[in-house]
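Enquirer: In my numbering, the protein residues as written are 692 to 858. Glycine included, every Cβ here is placed at the ideal spot set by N, Cα and C. Fair warning: this is a prediction, and the values are worked out from it, not measured in the lab. Following this message is one structure expressed as structure tokens.
What follows is the structure, given as structure tokens:
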């Protein structure tokens, strides 16, 4: 496994590079939201938004394993240095899967720019626009937003097509 800083180039095809990160929020009832976002860098498709109160490396592995079983493995994963992402277990799992891992440098979020851009849109268009009473409601609303993002919402980087329309 390559676990090198930014040695993985930009994605040139679908399923080439998946980028992932976390977004945090709080529900009206005080429940914390930790959302794991996984994005295909080429198509900009939101492959997963996993919503929980706490997400550790085991949960990240579960989400990525499910995506691999559904879509096949990407060539590489792009991630930051969060403890859930650089855990020994997660990096060993990536090695076992034959995946390259590109770690962004601490304090340099632009090195994971596709996912950071997505997370900004997710916050602006969903999290900041909704008042979630609880985590269950948040999951439902976030799933609806994700479908709209993938199937309807135009993306300038894709020639104003939605990810589902981009070939």
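Quick one: residues in its chain with C-beta nearer than 7 Å to the C-beta of residue 748, no 5 flanking neighbours on either side, listed in chain order?
Expert: Translated into positions along the chain shown, residue 748 becomes position 57. So the qualifying residues of the chain are 775, 778, 780 and 781.
Enquirer: Less than 9 Å between the beta carbons of residue 862 and residue 762, yes or no?
Expert: Here the chain comprises residues numbered 692 to 858, so residue 862 is not present and cannot be evaluated.
Enquirer: What residue from 722, 785, 718 and 725 has the CA that sits closest to residue 709's CA?
Expert: For the purposes of this step, residue 709 is identified with residue 18 of the chain shown, where counting begins at 1. Checked all of 722, 785, 718 and 725; the closest Cα to residue 709 is 785.
Enquirer: Could you tell me which residues DSSP puts in a beta bridge with residue 737?
Expert: Counting from 1 along the chain shown, the entry for residue 737 is found at position 46. Its beta-bridge partners are 730.
Enquirer: Under a three-way DSSP split, which group does residue 815 fall into?
Expert: Here residue 815 is taken as the residue at index 124 of the chain shown, counted from 1. Note: residue 815 maps to helix in three-state DSSP.
Enquirer: Using the Cα positions of residue 769 and residue 795, report the straight-line distance between them to the nearest angstrom.
Expert: Indexing the chain shown from 1 puts residue 769 at position 78. Indexing the chain shown from 1 puts residue 795 at position 104. The alpha-carbon atoms of residue 769 and residue 795 are separated by roughly 7 Å.
Enquirer: Mapping the DSSP letters down to three states, classify residue 785 as helix, strand or coil.
Expert: The residue given as residue 785 occupies position 94 in the chain shown. In the structure shown, residue 785 sits in a helix (DSSP, three-state: H, G or I).
Enquirer: How long is the line joining the alpha carbons of residue 793 and residue 783, rounded to whole angstroms?
Expert: What you label residue 793 is simply residue 102 of the chain shown in a count that begins at 1. What you label residue 783 is simply residue 92 of the chain shown in a count that begins at 1. The C-alpha of residue 793 lies about 14 Å from the C-alpha of residue 783.
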